[in-house]
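Enquirer: All residue numbers for the sequence shown refer to our numbering, where the first residue is 174 and numbers rise by one.
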Amino acid sequence: MTSIAVVILNYNGEKLLQQFLPSVIQYSPEAEIFVADNGSSDTSVQLLRKHFPQVRILELKENFGFCGGYNKALRQVKADYYVLLNSDVEVTPDWLGPLRLLLDTRVEIAAVQPKVLSFRDKNLFEYAGAAGGFIDRLGYPFCRGRIFDHLEEDHGQYNDERPVFWASGACMMIRSEKFHQHEGFDEDMFAHMEEIDLCWKLNRSQNSVYYSGNSCVYHLGAGTLGYHHPRKTYLNFRNGLSLIFKHLDSLELMYKLPFRLALDWLAALVFLFKGEGKNSLSIFRAHAHFIGQLGNLRAKRRVIRKEYPSYPEDNIHPGLIIFDYYLRKRKTSSLQ
174 MTSIAVVILN YNGEKLLQQF LPSVIQYSPE AEIFVADNGS SDTSVQLLRK HFPQVRILEL
234 KENFGFCGGY NKALRQVKAD YYVLLNSDVE VTPDWLGPLR LLLDTRVEIA AVQPKVLSFR
294 DKNLFEYAGA AGGFIDRLGY PFCRGRIFDH LEEDHGQYND ERPVFWASGA CMMIRSEKFH
354 QHEGFDEDMF AHMEEIDLCW KLNRSQNSVY YSGNSCVYHL GAGTLGYHHP RKTYLNFRNG
414 LSLIFKHLDS LELMYKLPFR LALDWLAALV FLFKGEGKNS LSIFRAHAHF IGQLGNLRAK
474 RRVIRKEYPS YPEDNIHPGL IIFDYYLRKR KTSSLQ
């Protein structure tokens, strides 16, 4: 029997742990459950020790972000499969079974995610992951069941199992050897899109990333930062540029990067016209940081392209999702 470790990263999430950890304990009897505390200043650790003694606590000295926190925590965890689970996720009976079955029976699959529905409205897909992640030709991410801010209702239309381009960091089961082989998450990203970067590396190394609609969880979402928080805007735009710079072919990058920059400037103008000046400024801050880190990104790009020179493009959307959504008014994932 393969061993499973469910690892929840916590930062000042005492209330979330009180609300969501009981379902994880109840419905995960086959797994060992860890909470990695990212230097919380609240009473999270005391809560765990008093009310959840069956949970193993990994105490980190400071907030290393999503990327650094998981990297440091998982070096201390021995298991065949890791389940990376957000602290604001409610799980369901036998949620681990279908995920484990795919990894147990399909050696080419490195990571898999369940169906992610909204905790607030359980008929809707949730923003972070929905029914599996994809990217388009410019590297813009989207999901089946969620394109930009449009969320589909769940009618069983994605109750399938299929390859996807990326699995959600909100709930992902991954082979531990693959996580460490690819050196985990890029800690310079801190948080947001790090799972897309890791899954891109998995794709480049001829591993598959999968979605299973036979497993379901409910995600509260925006538990740390709101979806429109300027800090989240900054991280998403900064990391989005870093992502394509590291992974796109040289010829692609020559024309796609300027196009992405121009679309980012357009997004900044839209934020400004909507009265969201801080979000607009976050985009320009993201660009400034990206330019300042080009030397570091070039080094990472060389390593990636040397170790993983190519990747299958089966799960890359052939068009431009921004045009499909805003100009062609296609707001459902019939695209995939």
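Note that CB positions come from ideal geometry on N, CA and C, so glycine has one too.
In this text the structure is predicted, and so the values were computed from the model without any measurement.
Taking only the alpha-carbon atoms, compute the straight-line gap between G318 and Q219 and give it to the nearest angstrom.
Expert: About 38 Å.
Enquirer: Can you tell me which residues form a DSSP beta bridge with W339?
Expert: Answer is G306.
Enquirer: Between the alpha carbons of Y498 and I320, how many angstroms are there, rounded?
Expert: Straight-line Cα distance between these residues: approximately 8 Å.
Enquirer: Kindly indicate the opening and closing residues of the alpha helix (DSSP H) around M427.
Expert: Where M427 is concerned, the enclosing alpha helix (DSSP H) stretches over S423 to F446.
Enquirer: To the nearest whole angstrom, what separates the beta carbons of G212 and N236, a pair I think is in contact under 8 Å?
Expert: Confirmed, Cβ separation roughly 5 Å.
Enquirer: Could you spell out the range, first to last residue, of the alpha helix (DSSP H) harbouring V285?
Expert: It is not in any alpha helix (DSSP H) - V285 instead sits in the beta strand (DSSP E) that spans I282 to S291.
Enquirer: Given a threshold of 16 other Cβ atoms within 10 Å of its Cβ, counted over all protein chains shown, does Y428 qualify as buried or as exposed?
Expert: Classification for Y428: exposed.
Enquirer: Mind checking P485: buried by the 16 CB within 10 Å criterion, or exposed?
Expert: Exposed.
Enquirer: Measure the C-alpha to C-alpha separation of K251 and A178 and round it to an integer number of angstroms.
Expert: If I take the Cα positions, the gap works out to 8 Å.
Enquirer: Is the beta carbon of Y313 closer than 7 Å to that of I464?
Expert: Contact flag unset, no.
Enquirer: Since S378 and Y254 are thought to touch, with beta carbons under 8 Å apart, how far apart are those beta carbons, to the nearest angstrom?
Expert: Wrong, their Cβ atoms sit about 18 Å apart, outside the cutoff.
Enquirer: Using only the alpha-carbon positions, how far apart do W339 and Q227 sit?
Expert: Each residue's alpha carbon lies about 32 Å from the other.
Enquirer: When we look at the beta-carbon of E281 and count the other beta-carbons within 10 Å, is it buried (16 or more) or exposed?
Expert: Classification for E281: exposed.
Enquirer: Which residue from L424, N409, T175 and H353 puts its Cα closest to that of D277?
Expert: It is T175.
Enquirer: Going along the chain, which unbroken runs of the beta strand (DSSP E) with 3 or more residues stay wholly within the region 189–217?
Expert: Runs found: 204–211.
Enquirer: Do you know how far the Cα of N259 is from the Cα of A304?
Expert: Each residue's Cα considered, the two are about 17 Å apart.
Enquirer: By Cβ distance, which residues of its chain are closer than 6 Å to L393, with the 5 residues on each side in sequence left out?
Expert: Within the same chain, L393 has close Cβ partners D261 and F292.
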